[in-house]
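Numbering (this note's numbering), first residue to last: 155 to 776. Ideal Cβ positions, reconstructed from N, Cα and C, are used throughout, including at glycine. In this text, all values refer to a predicted model and were calculated from it rather than measured experimentally. What follows is a set of notes on a single structure, which appears directly below.
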Amino acid sequence: MDSPANSKKTVTAVPEHTVEIITNSGEGAQKCAQIFGQTCAKMGNGVWTVEIIPAEIEPPHHTVTSTSGNIIRFGTEKVTNWGDQSKLAVAFNDQVCLSRHRLKSFDDNCIILLESAWENHEDESIRKMYAEAMEEMSSKNYRFVLVPIEEETLKVVDNPQHGKNMFALGLLAEIYQRDVSIIEKQIAHIFRHKSAKVTETNIQLVKNGQAWARENLDFQFDIETIPSEETRVVMNGNQAAAVGAIAAGMEMCAMYPITPATSVSHELASLIEDFGGIVHQAEDEIAAAGVALGASYGGKVALTVTSGPGMALKTEFLALAIMTEIPLVVLDVQRGGPSTGLPTKVEQSDLLSSIYGQPGDAPRVVIAPRSIEECFHSMVTARRIAETFRCVVIVLTDANLATGVQQFTKPEFDVRWQQEPVDFSPVPEGLRPYEWDPETGLSRRIVPGTPGGAHTVTGLAHDEESHVSYEPESNERGCKMRSRKLAVFQSTLMPPEIHGDQEGDLLVIGWGSTQGAIEEAVDRARAGGLNVSTMQLTFLSPLEPGLKEICNRFKKVMTVEINYSDTVGDPYITEETRRYGQLAWLLRAHTLVDIDCWTSCPGQPLRPNDIYNSIIAKGATL
155 MDSPANSKKT VTAVPEHTVE IITNSGEGAQ KCAQIFGQTC AKMGNGVWTV EIIPAEIEPP
215 HHTVTSTSGN IIRFGTEKVT NWGDQSKLAV AFNDQVCLSR HRLKSFDDNC IILLESAWEN
275 HEDESIRKMY AEAMEEMSSK NYRFVLVPIE EETLKVVDNP QHGKNMFALG LLAEIYQRDV
335 SIIEKQIAHI FRHKSAKVTE TNIQLVKNGQ AWARENLDFQ FDIETIPSEE TRVVMNGNQA
395 AAVGAIAAGM EMCAMYPITP ATSVSHELAS LIEDFGGIVH QAEDEIAAAG VALGASYGGK
455 VALTVTSGPG MALKTEFLAL AIMTEIPLVV LDVQRGGPST GLPTKVEQSD LLSSIYGQPG
515 DAPRVVIAPR SIEECFHSMV TARRIAETFR CVVIVLTDAN LATGVQQFTK PEFDVRWQQE
575 PVDFSPVPEG LRPYEWDPET GLSRRIVPGT PGGAHTVTGL AHDEESHVSY EPESNERGCK
635 MRSRKLAVFQ STLMPPEIHG DQEGDLLVIG WGSTQGAIEE AVDRARAGGL NVSTMQLTFL
695 SPLEPGLKEI CNRFKKVMTV EINYSDTVGD PYITEETRRY GQLAWLLRAH TLVDIDCWTS
755 CPGQPLRPND IYNSIIAKGA TL
């Protein structure tokens, strides 16, 4: 245990670091991390952040379950995932620190700046908890530095709960030599709707944290910054999706609040009215889907946003959209399940339900952005697909992308992002409402009010006239046309790119937000001499072409996913009874290739080192 000491500082140059800010829920860790991460990005560092959020709204303070916080990985090069273990942490109490220790989040030599108030606290039970926690954590070579965070904060504000985070930000600013002018601008922006006094107080707390670290800490880290000549933006995946929806020309969003998707509507609500659109908060998930579908039927460009439990409730309206061929975009920000599951945690468990979770034959397009930048572009892509092919498009992000922060090159608006205006020209006499093109399955979209376009829309099986029909040939034709549209769309796709050699011993396949961690792990394995490659799928229904041929170029193929699969050798689990990861299920059926999987569902993003170890284990069986 180190006590603060004023001594000559050792400045260590490192290519990157991963930092944790961990507090009780409600103590401002997210805001502190947001400012720190954005400052690093603006200075020219690559950045990726991950939120730590308890499932309970107000868990008891000073408990393991109350842990809230943020992990910031930043470095000289581009950062694509949260990395492995943290090198430095700022912990507001011993219990939140213990929580992260038990999750093996800290590097064995992690530096932990720990609030000093608990060791000699007046409450004996708290002193006992502190001693027990420190004893448990003594198994590692952590360097603890006691910092009087609360005591120092009280020099500026009356309530330390409203200032400790900014003092901690000052500590980090000094340790990593951050540009304080950028921090001050970020604070001014965040508190722009508050009084000038609030901004001044928060800046003073940052300066006090800096001064304390300058006087008392004997270490600093130097991480080179490389400013970019490109204009960059810094945002999380939910913000990127919201801005992408506006760039795509979407005119309305209907949703019911649900973690971790809700902030999409918050971002849209702050922007969309300036572009002639609206955000509608419905009374429930079912109504949200119905409102979005109704708006699209009326000729608007509509979006509904939810997470897994909401998708379950929207099922009937999504099936109606497919049967009536009304364009609709659905953003599903995945979380752990089933049922209420893990509201604030990460999982990739909605893939199969998104593709197959409807009654009857109900084909739809499913895409999964691989980065925060792709969260923006996926909304543009989804809108164009939905309106071109008159279909439902589901965009699968997850909590990792939703709340993580990354910088990327500012997109330059392209008029092609926006679909052609809805055709309200008179309907030619004799044109049927479902005049399916025999080659493509496409038909003209006729919206209410189009001259000569009056017809009945029904969710029942119908013919080209939109008349209810139970004739075998009619139903068969409807199924064929709805499916053919997806085949036409698939013909526009390119085979996925392979990261690494085009053939070899092992191919690792992922989807969605795991790309960065998988590629880092694969690069590590390749540097060690293994003949391994990877590819990341974006289009999951229909799948990108050429997958069977690609898989057959490798001796072994496995998926890496954040969902559940059985392990052969566990009780009752054999090759015959085993359940596979969701992408593995899908690819095995599609390619008829014996594709294995490595999955994990810890409620947090996958770490490159864990994926690397799974690759090593698979390589040992080759």
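Between residue i and residue j, what straight-line distance do the alpha-carbon atoms span, to the nearest angstrom?
i                 : j              : result
isoleucine 426    : leucine 457    : 12 Å
glutamate 383     : asparagine 199 : 13 Å
threonine 498     : isoleucine 207 : 6 Å
valine 714        : glycine 670    : 12 Å
glutamate 657     : isoleucine 377 : 37 Å
threonine 731     : aspartate 748  : 15 Å
isoleucine 432    : threonine 416  : 15 Å
glutamate 276     : aspartate 248  : 15 Å
alanine 195       : isoleucine 176 : 21 Å
aspartate 617     : threonine 193  : 59 Å
phenylalanine 562 : aspartate 552  : 19 Å
threonine 753     : isoleucine 765 : 9 Å
valine 388        : isoleucine 341 : 15 Å
glutamate 170     : glycine 495    : 34 Å
threonine 460     : proline 414    : 8 Å
asparagine 224    : isoleucine 770 : 30 Å
valine 386        : proline 214    : Note on residue identity: the sequence assigns arginine, not valine, to residue 386. Between arginine 386 and proline 214, the C-alpha separation is close to 40 Å.
glutamine 315     : glutamate 354  : 17 Å
glycine 514       : alanine 540    : 20 Å
leucine 585       : glycine 398    : 35 Å
Here's a check: name, in chain order, each residue in its chain whose Cβ is nearer than 8 Å to the Cβ of residue i, leaving out the five neighbours to either side.
i             : result
threonine 601 : For clarity, residue 601 is valine in the given sequence; the question names threonine instead. Once the five neighbours on either side are set aside, the close Cβ partners of valine 601 are Tyr451, Gly452, Gly453, Val576, Phe578, Gly607.
cysteine 264  : Gln239, Ser240, Lys241, Leu242, Ala243, Lys294, Tyr296, Arg297
glycine 773   : Asp659, Leu660, Ala679, Leu684, Val686
tyrosine 284  : Asp248, Trp272, Glu273, His275
alanine 287   : Asp248, Gln249, Cys251, Leu252
glycine 324   : Leu359, Val360, Lys361, Asn362, Gly363, Gln364, Ala365, Trp366, Ala367
glutamate 779 : Because the chain is modelled from 155 through 776, residue 779 falls outside the range shown and cannot be assessed.
Is the beta carbon of residue i less than 7 Å from the beta carbon of residue j?
i              : j                 : result
leucine 555    : glycine 735       : no
glutamate 501  : cysteine 755      : yes
serine 687     : isoleucine 663    : no
serine 270     : valine 301        : yes
serine 503     : glycine 491       : yes
arginine 538   : glutamine 573     : yes
tyrosine 410   : phenylalanine 375 : no
proline 605    : proline 587       : no
leucine 359    : phenylalanine 190 : no
glycine 464    : glutamate 439     : yes
methionine 197 : threonine 469     : no
For residue i, which residues in the same chain have their Cβ closer than 6 Å to its Cβ, ignoring the five residues on either side in sequence?
i              : result
valine 445     : Ala408, His434, Ala436
alanine 449    : Met406, Ala456
glutamate 421  : Gln393, Ala396
glutamine 690  : Arg524, Gly664, Gln669
threonine 745  : Leu701, Lys702, Cys705
glycine 182    : Asn319
histidine 216  : Asn247, Gln249
methionine 291 : His255
methionine 477 : Gly613
threonine 234  : Gly670
aspartate 720  : Ile727, Arg732, Arg733
Within the same chain, show all residues whose beta-carbon is closer than 7 Å to that of residue i, passing over the 5 residues directly before and after it, in chain order.
i                 : result
serine 253        : Val218, Thr221
alanine 322       : Ile175, Cys186, Val244, Ile303, Gly363
aspartate 261     : Gln239, Ser240, Lys241
glycine 430       : Glu405
phenylalanine 693 : Ile521, Leu647
Buried or exposed: which applies to residue i, given that a residue is buried once 16 or more other Cβ atoms fall within 10 Å of its Cβ?
i              : result
valine 418     : buried
glutamate 583  : exposed
lysine 709     : exposed
histidine 343  : exposed
serine 493     : exposed
alanine 681    : exposed
glycine 666    : buried
lysine 639     : buried
isoleucine 521 : buried
alanine 641    : exposed
Let me check you understand the geometry: is the CB of residue i closer than 6 Å to at least one non-hydrogen atom of the ligand NAD?
i             : result
threonine 713 : This structure lacks the ligand NAD; in fact it carries no ligand of any kind.
Segment contact flag, the stretch 581-592 with the stretch 448-462, C-beta cutoff 8 Å, min 3 pairs:
With the cut-off at 8 Å, the stretch 581-592 and the stretch 448-462 do not touch.
For the stretch 477-485 and the stretch 531-540, state whether three or more C-beta atom pairs, one from each stretch, are separated by less than 8 Å.
Yes, the stretch 477-485 is in contact with the stretch 531-540.
Are the stretch 727-741 and the stretch 625-643 in contact at 8 Å, needing three or more beta carbon pairs?
When Cβ pairs closer than 8 Å are counted between the two stretches, the stretch 727-741 is seen not to touch the stretch 625-643, the count staying below three.
Taking 8 Å as the cut-off, does the stretch 161-175 touch the stretch 346-360 (at least 3 CB pairs, one atom from each stretch)?
No, they do not touch.
How do the stretch 557-568 and the stretch 609-618 stand: do at least 3 beta-carbon pairs fall below 8 Å, yes or no?
Output reads no: the stretch 609-618 does not touch the stretch 557-568.
Counting pairs of beta carbons, one from the stretch 359-372 and one from the stretch 223-234, are three or more of them closer than 8 Å?
Touching, no.
Under 8 Å: do the stretch 643-651 and the stretch 695-704 share three or more Cβ pairs, one atom per stretch?
Touching, yes, given that three or more Cβ pairs across the two stretches are closer than 8 Å.
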